[in-house]
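Colleague: Once you've had a glance at the structure underneath, I'll fire off some questions.
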Amino acid sequence: MSDIAKVIKPAGAHRDRALTRQAQQLGFPGVSITAWDIFFLRGDTDTPSLRRLVPRLIDDGPDGAARLDGGEAAGHPDRRIIEVARRAGVTDRVAAQLAESAARLGLRVEAATGSRFLITGGRALPEEDLHFLVHNLLCNPVIETWSTGAVQPGFARGPDIEPAAVEIVPVRGRNAEELARVNAARSLALDPEEMAVVAAWFGEAGRDPTDAELETIAQTWSDHCSHKTFGAHIKTDNGEITPLLRQLRETTAAIAAPFVVSAFDGNAGIVAFADGIRLAIKAETHNHPSAIEPFGGANTGVGGVIRDVLAAPARPVALTDVLCFGPRDLDHRALPPGVLHPAVIEEGVVEGVADYGNKMGIPTVAGAVLYDPGYTANPLVFCGCIGEVMAGYDKLTGPQPGDRIVVVGGATGRDGIRGATFSSMTMDATTGEVAGASVQIGDPIVERLVADLLIDLLDRPDPLVHALTDCGAGGLSSAVGELGEATGVSVDLTAVDRKYAGLQPWEVWLSEAQERMVLAVAPDRAADLLARARHLGLSACDIGVFTGDRRLLVRHGGRTVVDLPMEFLHKGRPVRSLHAVIPSPDRAPDLRIRRADVEETLLALLAHPDIASKEAIIHRYDHEVLGATVVRPMAGARQAGPSDGTVIAPPQRASGFVLGIGVNAGYGVHDPERMAWAAVDEAMRNITAAGGDPGQTALLDNFSWGDPRRPETLGDLAATVRGCCEAARLYGAPFVSGKDSLNNEYAAADGQRRSIPPTLVITAMAHLPDADRAIGTALRQAGNTLILTGRTAREFGGSHFNLVTGDVDGTVPEPDASAPGRYRRIHRLISEGLVESAHDVSEGGLAVALAEMALGGNLGIDARLEEADACTALFSESLGRIVLEVREENVREVLETLGNEATVIAGIVAGHDLQITTPAGTHSWSGRELERAWRGTAR
Amino acid sequence: MKPPAVVLTAPGSNRQGDALFALEQAGGAPVCLDLLDLPGRRAELEQAALIVIAGGFSYGDALGSGRVFALEIERLLGDLLAEKVSRGTPVLGVCNGFQMLVRAGLLPGALQHNERGHFECRWVALQPSSARCVWTRGLTEPIRCPVAHGEGRYTCAPAVLGELRAADRIAFRYETDAYPANPNGSVDAIAGVCDPTGLVLGMMPHPENHVTPRQSRAIVWQDHPGSALPLFRNGVAAARS
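Quick note, the sequences are listed as chains A and B, same order. Using numbering that gives the first Met the number 0, read the first sequence as starting at 0 and increasing by one per residue. Using numbering that gives the first Met the number 0, read the second sequence as starting at 0 and increasing by one per residue.
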């Protein structure tokens, strides 16, 4: 092996500032951090070569001067030096690019990267605090190694030998206890009943499974891949209920909306609204990976849902993200063992979402961020993607016997093994260590090129492939297994492009290396397809054939790795039988009149992390690329208010669509069924307020829940699904796709299990007939009138009023059966140009909504409310309400259209102040104090 | 006749569609050309009357923004861009295109990490301020459009800054010097600069994302909406002459 050259350069003042600020936020005020980038090179590393390479590829001029590292003096107690290196095999775009660009210069080098950190000012920093800082800020052991001196680089290349070991795992005739040991030792996450079925099947087959067969079954049968909870038989104290997924499907069938093209089938839901444009929509969760490697977890979550939409096949046009974190200001000493600090998770997740979407060139336009102590060990990351269906969609025949199986995109490495089963497990203190390999780092530029390739192949009347799917959880085992379910396949793993040598056959088969798609292509077209992919610089390999014998046959050269009938793999899993205790929440009328300092309460609500401005996150996402963003996440000329629905309409076209998101886990703790109604209503309010057509709206459901084997947890889930279905029917808005992430729990050392709050995210996508009629939430003009639509009742259960006042009582807002009709009338008014701006009333109630409209529009409001109970008038979160800004000359027509569902409540005034008068008195706030509360700063 | 224009991209560019649309709106006849299509399509570039270098993340910006893009242009095209400029072809580099032009030495200075340390996307107001630059000549109204970048803080040596000012080569300044109006901490609030001929403009903000009224209609401005279409019209006019 040649010598390793180590080149270092300052990472830059911006990086030092960010690290130092984060260290201080984590509770280390005296600490300051300086960072360097390290480049390890081996190969042509003689002095003349480095003199050519370093200035052209690494050096950044006076502020980023690169130099050869001559070895640093050992750390001083007050000056700790930490070096970090990326582990071998983890995706490293920088190292790969460095080697490639060096080759263009005629230099043969292998590269690896790392960082050096100088920590100063931590004189009294005890060793455990240093470790906390390192593991939270400087090094994630899941993907990196660290050392207090010179770190060993992780060159990607492994040993140049190709092991082809196929292990046989004895399961035949084993008792339940022995099978449970196999299950645990291999992290299969199968139920005992499932292990028994596997053992019995192999018993009949007269042999024991290979390692790869067992892993394939575990991935295919995981909750992640096969909806085993949503498909389960569920018994309650009042008898068995319809399986959850079937309830959702039947609801969509009953609504019979003409615009549904494909629901709950394939990778994404597909709709075609009145303009004939077909849109694919999908949302996924990436919770478990984001908990242990926030950047990589969120990054690949976005990458994964984009591939789902590409596989529809559709051209991605918008992204959404809903994030749930523990409290930012949590004392780090209160963290459960093995858990990253919520602020660190948030920073990594946001950067991960931003990195992927921004680099793909897809606008991230809608979302929400929620905070609750229940998310500390189990953060939630919901990633959504919308795409325009490609022209070849109708001509996809599915795989034909004789078609070649082609894998395109990135090469395969030892990254992301067992992701599907990992996501079906409970987290604990050791999860980061055990599941390290389950997490990957994405490479959005590769996916950008994969998208370009697929558009080339499929966005034409005669697509060049017969079928496609993405490689997600379970890697090739799931993708090839699903695509070939009806035909059977024969695969040779030696044909799979590898990032490096040394992979076991089962690792190649299971690897969740990112940015890969599996295509079915007619044999006479395979060579052309491979050439097109390689022209873009993508890996492309022909790994086998769709056979027609309905077997899954996987070989590694001459050795058989998997030989299973598709029937057993896809239909052999015993249906889960579960028990649910359906909750019976308190819905008695609330007679208590609340007394609170109205002025203080509104400011506290505006400053609550759930409600406060998300601009620090939003501005890190590119929400403008593609030029189709009409209503963006921040409203008004100063981008100083929150939007409801966001609007996408390509500039070449009159029509567009609106995205709305409903989520409120606070309700779920008290009344899961009403939470579902509230989430659907909020999503529908959002799309209505921006101008979308509530009569042409499709919904997505995403559930993040605890362990469904606990009857109460499953009961909450069942009640939520019932609420979803009832609400969807009332609004006439069908579900077209959905996803569940269960087992979001943390098992503490004391044996206590902590579950997240039951969290339902509803995404609504509505048709917008005329994008020139879209409106925002920011007030437009002094002199205009504000009209409140919908009814206000005393409903405080799970409200943000309770969160800021410390109250715990009240009922969760009741469904409002009159809302759907009202939203359609409001849509008509907006379409006719009679409404200037509109904002829905949600968390925090009417006062928050008015303050947000004023902030967005940089104007003042003078409101008069008839309701005698001021807290109810201002802070109740009753559903079904939207505030409309209307010009004086249009007020009469708007009121006539809406009848007794609308009340004039305010006039818009010059200045920035908010004044609200109730029979109890007048309350006022200056624009400055509203802004300081909501944005954290004032102009 | 519509002047033939090329939108030049590299793997990882992502605003080429937006640039194509803006050029079409302005009366140009643009096509997209990727470095991967070279040398086969070199003739199209040689014949282009106008060149826009698209924004995005060429090569993932893995070795620093625009660095590999510039090296690959040098490897694949030699001095073709400089030659085109010497023959009067207007060139616009937006965002990653600006970063490439700076790395390639066609424009002075450097584009460093934003002062705030991360990517930032927001609408900004730009004051056109150069009569030398063919792209901004005659523009008086502020242009509003989004920025979307992580490495856009313009810096240069004091002598270069003096030269840029003296030679009327500062094409755009942000509305004020303070964050967020100046979103990245650029020296002298510089959002774009041109070369000595005035033909080559590099700018961090994205004028291609504001060429129709609808793109900004939900942002309630009291004054002029500030479309960036005139910038592209200027470029197309310069390509015709």
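A virtual CB, placed ideally from N, CA and C, is assigned to each residue, including glycine.
Applying the 10 Å Cβ sphere with the 16-neighbour rule, what's the burial state of Thr112 (chain A)?
Modeller: Buried.
Colleague: Please confirm whether Ala317 (chain A) has its beta-carbon closer than 7 Å to some beta-carbon of chain B.
Modeller: Judged by the 7 Å Cβ criterion, Ala317 (chain A) is not in contact with chain B.
Colleague: If you reduce the DSSP assignment to three classes, tell me which class Cys132 (chain B) lands in.
Modeller: Residue state, collapsed to three classes: coil.
Colleague: Return the chain-ordered ranges of every beta strand (DSSP E) run that is complete within the stretch 778 to 834 of chain A and spans a minimum of 3 residues.
Modeller: Runs of the beta strand (DSSP E) inside the stretch 778 to 834 of chain A: 784 to 788.
Colleague: Is there a Cβ of chain B sitting closer than 7 Å to that of Leu40 (chain A), yes or no?
Modeller: No - not a single Cβ of chain B is within 7 Å of the one on Leu40 (chain A).
Colleague: If we define contact as Cβ-Cβ less than 7 Å, is His799 (chain A) a contact residue for chain B?
Modeller: Not closer than 7 Å to any Cβ of chain B, the Cβ of His799 (chain A) fails to qualify, so no.
Colleague: Which residues, in chain order, does the stretch 621 to 636 of chain A contribute to contact with chain B at a C-beta distance below 9 Å?
Modeller: If the cut-off is 9 Å between Cβ atoms, the stretch 621 to 636 of chain A has Asp621, His622, Glu623, Val624, Leu625, Gly626, Ala627, Thr628, Val629, Val630, Arg631, Met633, Ala634, Gly635, Ala636 near chain B.
Colleague: Going along chain B in order, which residues have a C-beta closer than 9 Å to the C-beta of Asp62 (chain A)?
Modeller: Neighbours of Asp62 (chain A) on chain B, chain order: Ala109, Gln111, Thr154.
Colleague: What's the gap between the Cα of Thr921 (chain A) and the Cα of Leu913 (chain A)?
Modeller: In a straight line, the C-alpha of Thr921 (chain A) is about 11 Å away from that of Leu913 (chain A).
Colleague: At 4 residues or longer, what runs of the alpha helix (DSSP H) sit wholly inside the stretch 192 to 271 of chain A?
Modeller: If we require 4 residues or more, the alpha helix (DSSP H) runs fully inside the stretch 192 to 271 of chain A come out as 210 to 219, 222 to 225, 243 to 254.
Colleague: What is the DSSP secondary structure of Trp933 (chain A), reduced to helix, strand or coil?
Modeller: In the structure shown, Trp933 (chain A) sits in a helix (DSSP, three-state: H, G or I).
Colleague: Cβ atoms of Ile881 (chain A) and Thr788 (chain A): under 7 Å apart, would you say?
Modeller: Yes; because the gap between Cβ atoms is below 7 Å, this pair is in contact.
Colleague: Going along the chain, which residues of its own chain have a beta-carbon closer than 6 Å to the beta-carbon of Pro649 (chain A), five neighbours each way excluded?
Modeller: Excluding sequence neighbours, Pro649 (chain A) sits near Ala627.
Colleague: Residues of chain B with CB under 7 Å from Pro650 (chain A), in chain order?
Modeller: Those are Phe20, Thr211, Arg213, Gln214, listed as they occur along chain B.
Colleague: Return the first residue and the last residue of the alpha helix (DSSP H) that Met203 (chain B) is part of.
Modeller: Unbroken run through Met203 (chain B): none, as it is neither H nor E.
Colleague: Taking Cβ positions, are Leu828 (chain A) and Phe656 (chain A) nearer each other than 7 Å?
Modeller: Not closer than 7 Å, so no.
Colleague: My guess is that Ala217 (chain A) and Val165 (chain A) are in contact by the Cβ rule of under 8 Å, so how many angstroms apart are they, rounded?
Modeller: The pair is not a contact, with the Cβ atoms about 17 Å apart (cut-off 8 Å).
Colleague: Residue range of the alpha helix (DSSP H) that Trp220 (chain B) falls in?
Modeller: Looking at the DSSP string, Trp220 (chain B) is not in any alpha helix (DSSP H), and its letter there is neither H nor E.
Colleague: Gly667 (chain A) lies in the alpha helix (DSSP H); which residues open and close that run?
Modeller: Start and end: 664 to 669.
Colleague: Rank A:Arg863, A:Gly859, A:Arg824 by C-alpha distance to the C-alpha of Ala896 (chain A) and give the top, closest one.
Modeller: Contrary to the premise, residue 896 (chain A) reads as Thr rather than Ala in this sequence. For Thr896 (chain A), the nearest C-alpha among the options comes from A:Arg824.
Colleague: Taking DSSP's pairing of strands, which residues face Ile280 (chain A) in a bridge?
Modeller: Answer is A:Gly268, A:Ile385, bridged to Ile280 (chain A).
Colleague: Just checking: is the beta-carbon of Ser612 (chain A) within a distance shorter than 7 Å of some beta-carbon in chain B?
Modeller: Chain B contact via Cβ: absent.
Colleague: State the Cα-Cα distance for the pair Glu192 (chain A) and Pro573 (chain A), rounded to the nearest angstrom.
Modeller: So the two alpha carbons sit approximately 7 Å from each other.
Colleague: Given that a residue counts as buried once 16 or more other Cβ atoms are within 10 Å of its Cβ, and exposed if not, what is Arg684 (chain A)?
Modeller: It counts as buried.
Colleague: Identify each residue in the stretch 90 to 117 of chain A for which the Cβ-Cβ distance to at least one residue of chain B is less than 7 Å, and report them in chain order.
Modeller: Residues passing the 7 Å Cβ filter: Arg92, Val93, Gln96, Leu97, Ser100, Arg103.
Colleague: In chain order, which beta strand (DSSP E) runs of at least 3 residues are fully inside the stretch 304 to 338 of chain A?
Modeller: Counting whole runs of 3 or more residues, the stretch 304 to 338 of chain A contains the beta strand (DSSP E) stretches 313 to 324.
Colleague: Since Leu56 (chain A) meets chain B, which of its residues come closer than 7 Å, beta carbon to beta carbon?
Modeller: What Leu56 (chain A) touches in chain B: Leu62.
Colleague: Between which two residues does the beta strand (DSSP E) holding Arg863 (chain A) run?
Modeller: Arg863 (chain A) -> beta strand (DSSP E) spans 859 to 863.
Colleague: Helix or strand or just coil, what does DSSP make of Ile686 (chain A)?
Modeller: If DSSP states are grouped into helix, strand and coil, Ile686 (chain A) belongs with the helices.
Colleague: Quick one: grab the DSSP three-state call for Pro582 (chain A).
Modeller: Three-state DSSP puts Pro582 (chain A) in coil, outside helix and strand.
Colleague: Taking only beta-carbon atoms, is Arg14 (chain B) less than 7 Å away from chain A?
Modeller: Yes, its Cβ sits closer than 7 Å to a Cβ of chain A.
Colleague: Between which two residues does the alpha helix (DSSP H) containing Gln15 (chain B) stretch?
Modeller: Where Gln15 (chain B) is concerned, the enclosing alpha helix (DSSP H) stretches over 15 to 24.
Colleague: Is it buried or exposed for Leu240 (chain B), if we count other Cβ within 10 angstroms and need 16 for buried?
Modeller: Leu is not the amino acid found at residue 240 (chain B); the sequence shown has Ser there. By the neighbour-count rule (16 or more Cβ atoms within 10 Å), Ser240 (chain B) is not buried but exposed.
Colleague: Helix, strand or coil: how does DSSP classify Phe131 (chain A) here?
Modeller: Helix.
Colleague: With a threshold of 7 Å between beta carbons, is Gly11 (chain B) in contact with chain A?
Modeller: Yes, because at least one Cβ of chain A sits closer than 7 Å to the Cβ of Gly11 (chain B).
Colleague: In three-state terms, what does DSSP make of Ser877 (chain A)?
Modeller: Of the three classes helix, strand and coil, the one that applies to Ser877 (chain A) here is coil, per DSSP.
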